[in-house]
DNA sequence: CACAAATTTGAATGCGCATTCACGCAGTGC
DNA sequence: GCACTGCGTGAATGCGCATTCAAATTTGTG
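Residue numbers (this note's numbering), protein chains in the order written: chain Y, -1 to 332; chain D, -1 to 332.
Now the structure itself:
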């Protein structure tokens, strides 16, 4: 058997020191003389020794693994995960990835996640029952919701201010003199979907506008395109559509142009939400609300680390403002 | 301290059995009477016990964790990772995600990966020195390269047949009577980049065509767009461009339409590679080579599992044919 | 130079679990 | 009635490492 795993004992024997000393060298810890440190490192090098961090986690009670629960059908999330993973890596932590059905309750998979003794948990694109939240609480696993929040449960959340974002869009469309408004909402009952719609419709009502149209999609190109088709084939078709996310807006734009033969923005204005990279491409050039993703990521990690250090800390809800990005998919007030 | 971790000993005490028995129940193992099994499960339920899989990995020598090394700037990879993660989850294994700079040598991060005692390693969008490959070999960690291969190293690889794909494109463009061909290649010296270019240019030469144009990009929209601009602003501008990947093709199409005022495919044909979902959207409608991603994913997992079971198995290189998908971004032979 | 203090090192222990071994007990066949 | 299986269970041990405690060594100080 050539592939016998090399342990700290092997290194110790080879370097002529005790296993404790090897451990000290690799924990970047205190009080090892330069001479022995060098001997140990040399021996480790020769043997190809890598410390077993899983074994280490047993005694330290820290795995340096962060769980991320997500689904990737909406291209918003890969960018988030990429950023999170990179930043975590720079902090010496790794990402254990769990994939769930879009907007499925995360409860099914949570027991599995907890078995891996992740130091903390980031949940995107899924929600968490308060029962499971308290299970995490009991086990001392901090949870941060990303782009979601849950008022009942004792978990932190980092979110774009979706209500204000919806209001900004309502203002933009009314100011530009649109007469017939519509919203393609998200189907799942998430805080994000609700808030974007709420901000939009509240502001419309405040400004005396009623009877906007409404369709649903599920944050995917195809269902967005279909929803837009239904709207645009009505006799009283809208002259402006606010889509719950950019990916839906792409579908809506293609529906308008290629399914219905309409011009954008002359015949119909389309507004999205997120500001995906693709939204800036000239083929779409989507007017949208930009989520402050970098700040959201930083804040998420900050909350995470704080609660890893002090698990007693009270959960926080952080709302960050989005920014209106004006491009050419919507007619503007002159 | 309320958040004392619950261990199998706690469950054992509560259920009035030994720790061994608890362990047997949760290893879904042999020979536990129904009565005691029920008692143990009840006790576990009441205490909220979750077995610690990291501790388990110490004795079983299996972590059930699969490392995936990737970078996500090219949207091809999120889809792959999503699929891999889902399938792994269904097999009871989890994904530990490592992010690297595009096409960076993966050597820097590999020691870190090995510290997590992953059962196996999938590497996409990065290459592996043969020295590191043998380090994995020594430690008994099977490696599968996805969409890359390395002839020297003793690692398995699953790959689209990029050479044949390049040939298909060359045939398509010549058959349609294009007179002035160009290739936007990938900058990094990866097998994928090389093979796509090789298949394309070999076939051109075979058919007596020489002096095609060449530019480089790095599998990103922006650099693809810039490369296309350089080509299309030449006095002898090409009437067909083969792009190393779809994301580059999107940039090239926008360059043609919006930077150079050209019509597609009347003035210039654009062909991509990968068949991203976006390639089917009417705004782009990219003629492309579809990678058989589902079969590639299945094959990757099959190789992985085989080598986890039998680490002595010889490494394999699997080449799967791509499929030409004709859309409207390229003029076709009638 | 003597003695206290600081530094370096090793032996022993435990983290949470799987697994081996041995033991007790019911059931089988004679 | 007895030896013999075979199943269900517990005690003991080890996985690879960090950490505590005590011993050994070096350093600093009067």
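Positions of the beta carbon are idealized from the N, C-alpha and C atoms, including for glycine. Predicted, not measured: the structure shown is a model, and the values here were computed from it.
For a Cβ distance threshold of 9 Å, residue set 63, 92, 93, 94, 95 of chain Y lies close to residue 94/D, ordered along the chain. Distance from the Cα of residue 48/Y is smallest, within the candidate group 143/D, 137/D, 226/D, for 137/D.
Linking residue 51/Y to residue 132/Y through their CA atoms gives a straight-line distance of about 28 Å. For residue 63/D, the number of other beta carbons within 10 angstroms of its own is at least 16, and it is reported as buried.
Contacts between residue 248/D and chain Y, judged by CB atoms closer than 9 Å, involve 276, 279, 281 in chain order. Taking a Cβ-Cβ cut-off of 7 Å, the neighbours of residue 252/Y in chain D comprise 279, 280, 281, given in sequence order.
Annotated as distal: residue 240/D and residue 282/D, with beta-carbon spacing of 7 Å or more. For residue 71/Y, the closest of 216/Y, 261/Y, 89/Y by C-alpha to C-alpha distance is 216/Y. In the structure shown, residue 175/Y falls within a coil segment according to DSSP collapsed to helix, strand and coil. In the structure shown, residue 188/Y falls within a coil segment according to DSSP collapsed to helix, strand and coil. The beta carbon of residue 41/D lies closer than 6 Å to those of 9, 12, 13 in the same chain, with the five residues before and after it left out. Per DSSP, the continuous beta strand (DSSP E) segment holding residue 212/D begins and ends at 211 to 215.
Residue pairing by DSSP puts residue 155/D in a beta bridge opposite 143/D, 315/D.
Residue 284/Y is positioned such that its CB atom lies no closer than 7 Å to that of residue 243/Y. Look at the beta carbons and you see the segment 167 to 174 of chain D not touching the segment 300 to 319 of chain D: under three pairs across the two are nearer than 8 Å. DSSP places residue 65/D within a strand segment (E or B) once states are collapsed to three. Taking 7 Å as the threshold, the shortest C-beta distance from residue 119/Y to chain D does not fall below it. For residue 286/D, the nearest beta carbon of chain Y is not closer than 7 Å to its own beta carbon.
The criterion of a C-beta distance shorter than 7 Å is not satisfied by residue 183/D and residue 223/D. Within the DSSP bridge table, the entry for residue 121/D names 67/D, 143/D as partners.
Annotated three-state conformation of residue 59/Y is coil, per DSSP.
Going by C-alpha positions, residue 317/D is about 11 Å away from residue 163/D. Measuring C-alpha to C-alpha distances from residue 75/Y to each of 124/Y, 261/Y, 226/Y identifies 124/Y as the nearest.
Counting the other Cβ atoms within 10 Å of the Cβ of residue 203/D gives fewer than 16, which makes it exposed. At a C-beta separation below 8 Å, residue 46/D has these neighbours in chain Y: 133, 136, 137. Within its own chain, the residues whose Cβ lies closer than 8 Å to the Cβ of residue 112/Y, once the five positions on either side in sequence are excluded, are 133, 134, 137, 139, listed in chain order.
Chain order gives the chain D residues near residue 113/Y as 48, 49, 50, 51, where near means a beta carbon separation below 8 Å. In this chain, residue 21/D is not harboured by any beta strand (DSSP E); it is covered by the alpha helix (DSSP H) spanning 17 to 24.
Annotation for residue 128/Y: 150, 151 place their beta carbon closer than 6 Å to its own, counting only its chain and skipping 5 residues before and after. The beta strand (DSSP E) runs lying completely inside the segment 243 to 318 of chain D and spanning 3 residues or more are 267 to 269, 286 to 288, 315 to 318, given in chain order. Neighbourhood of residue 84/D in chain Y, by CB distance below 7 Å: 97, in chain order. Here residue 315/D is exposed, its C-beta having fewer than 16 other C-beta atoms within 10 Å. In chain order, 160, 161 place their CB closer than 6 Å to the CB of residue 193/Y, counting only its own chain and leaving out the 5 sequence neighbours on each side. Pairing residue 225/Y with residue 250/Y, the inter-Cα distance amounts to about 8 Å.
Counting only the Cα atoms, residue 324/D lies some 32 Å from residue 325/Y. By the rule that beta-carbons nearer than 7 Å mark a contact, residue 70/D touches chain Y.
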